[in-house]
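Notes to accompany the following structure.
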Amino acid sequence: MSQERLFSKTYASGDIVFSQGDEGDCAYIIETGRVEVFVVDREVETPITTLGPGEIFGEMAVIDVGKRSASVRALEDAKLTVVYREQLYSRIRESDAIVRLLISVLLKRMRSSLAVESDFNSLDLLLSSGSGENLQEIQQKAVENLRLERDIMEAIEAEHFVLNYQPIVNLHTGKLGGYEALVRWNHPTRGRVRPDMFLGLAEETSLIVPIGLWVMRQACEDLAKIQKECDHEIFMSINISGRQMMVSSFFDDLMGIVKDTGVKPQNVKLEITERILVEGSLAVDWINRCRELGFLVALDDFGTGYSSLSYLSEFDIDNLKIDQAFIRKVTEDHKSRVLVEVLALMARGLKLSTIAEGIEEKDQLQICQELNIDYIQGYFYGKPEPYEDAIRHLNADFER
Ligand code: CMP
Ligand code: MG
């Protein structure tokens with residue numbers, strides 16, 4: 048018999064909503080009335096709780112596809128909103144692995160404390176987010192991420208992060224244009240942790256905010272020192288994440304650092320990624336504020352994923368960083384070369400300077416010269432290196 052699916056149900060006082068041991072495919076929100084939750088053991092009823100308007104019940108069997116852990120009876124005439132499994136299913140699957148881990152821990156604990164026979168094997172299926180991994184793997188990864196998070200927090204306290212500096216060469220003068228500050232992490236037992244291993248998690252958990260603040264201060268302190276040794280003015284590129292931009296004290300913090308270190312805002316280049324620009328007016332305001340205060344703004348990784356050319360007319364930026372994905376193939380792949388050419392031309396028309404990233408070979412450099420690209424960053428001129436090594440580039444004349 049096919050049952051009609053109802054989105055709300057009414058029960059008269061004394062009606063059973065469902066019984067312990069039933070299969071369950073929906074949870075309920077109480078709109079009016081009250082219900083009693085109780086367990087039955089050898090025909091003896093033991094009340095667990097009574098619930099009223101706004102409260103939810105019947106969620107356990109929905110989440111773990113197990114049997115009803117208790118029975119529910121209306122204590123008064125009650126009107127209930129029905130929440131079907133599909134409504135919860137996709138949300139649970141899309142949630143963070145740690146949240147799913149916690150749900151599963153809680154449900155198992157709850158089931159065992161109720162000591163009512165139930166099977167919740169299907170919990171694995173539900174919580175594994177359909178990724179093909181089993182629940183154990185997911186849990187392991189989630190726990191590992193929590194440990195990594197702990198280590199990041201400890202590293203922030205202990206100042207275990209260091210900055211490496213990669214030279215950016217001005218192609219017109221053959222001199223150093225500036226450096227990009229890149230954060231590195233040397234963990235006492237993990238060893239060198241790859242930036243992509245911890246920056247993503249730091250971004251997710253907002254730990255990027257204290258890390259970013261430290262980076263800004265350290266990079267500006269180093270710029271102040273470096274500038275004294277350099278025979279011309281250079282800039283420092285600092286990567287700013289979306290989370291950092293949204294922190295209300297961002298500009299106060301930055302101005303405090305500028306004041307303390309004595310660097311000029313026009314020598315501090317804030318690198319943001321295109322992804323941030325989807326924030327629309329928030330990003331426009333942020334960039335405008337940078338301009339007012341005199342900072343430079345570069346658009347990082349340009350041309351990968353999130354680009355929209357309309358951004359370039361909406362946002363008042365100084366600098367376009369052409370992503371290394373284009374440069375890598377620029378010598379052998381005609382299409383990449385055309386793209387770099389068009390990007391360089393477009394940037395010039397819009398009065399933006401250009402930085403080509405990922406230059407490793409002379410041939411690539413030559414193409415950049417032909418295309419009148421302003422700055423070059425890449426292994427051809429130098430890798431990211433610790434301060435002491437990176438400063439050898441300060442007054443160098445670079446091969447062109
Ligand atoms: P479910 O197992 O689907 O069906 C019985 C419901 O009773 C259960 O979901 C919970 O919503 C609720 N329930 C079970 N145990 C408790 C408890 N200890 N306190 C409150 N509610 C409970
Ligand atoms: Mg960058």
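In my numbering, each number is its position in the sequence shown, counted from 1, plus 47. Yeah, the Cβ is synthetic: ideal placement off N, Cα and C, and Gly gets one too.
Check	Outcome
Any non-hydrogen atom of the ligand MG closer than 7 Å to residue 227 Cβ	yes
For residue 54, the three-state DSSP class (helix, strand or coil)	coil
Residue 273 versus residue 266 - alpha carbon distance	10 Å
In chain order, each alpha helix (DSSP H) run of at least 4 residues that lies wholly inside the stretch 322 to 371	328 to 340, 356 to 361
Assigned secondary structure, residue 239 (DSSP; H/G/I helix, E/B strand, else coil)	strand
Residues surrounding the ligand MG [beta-carbon distance to nearest heavy atom under 5 Å]	286, 318, 347
Contact test: residue 109 Cβ vs the ligand CMP heavy atom, cutoff 7 Å	yes
Selected residue, minimal CA-CA separation from residue 426, among 216, 257, 327, 261	216
Spatially closest choice to residue 434 from 303, 291, 210, by CA coordinates	210
Whole-angstrom distance between residue 133 and residue 335, CA atom to CA atom	45 Å
Ranges of the alpha helix (DSSP H) found wholly within the stretch 72 to 98, counting only runs of at least 4	none
Close beta carbons around residue 126, own chain, < 6 Å, minus the five adjacent residues each side	57, 78, 79
Collapsed DSSP secondary structure at residue 291 in the structure displayed	helix
Spatially closest choice to residue 87 from 225, 99, 67, 281, by CA coordinates	67
Residue 30 classed as buried or exposed, judged by whether at least 16 other C-beta atoms fall within 10 angstroms	Lying before the first or after the last residue shown, residue 30 is absent from the chain, which here runs from 48 to 447.
Buried or exposed by the 16-neighbour rule on C-beta atoms within 10 Å, applied to residue 349	buried
Given residue 365 as reference, the closest of 313, 268, 404, 288 once Cα atoms are compared	313
Residue 104 vs residue 91 beta-carbon contact at 8 Å	no
Pairwise C-alpha distance: residue 395 and residue 74	60 Å
contact_flag[the stretch 316 to 335, the stretch 292 to 300] where n(CB pairs < 8 Å) is 3 or more	yes
Residue 66 beta carbon near the ligand CMP (any heavy atom closer than 7 Å)	no
For residue 427, the three-state DSSP class (helix, strand or coil)	coil
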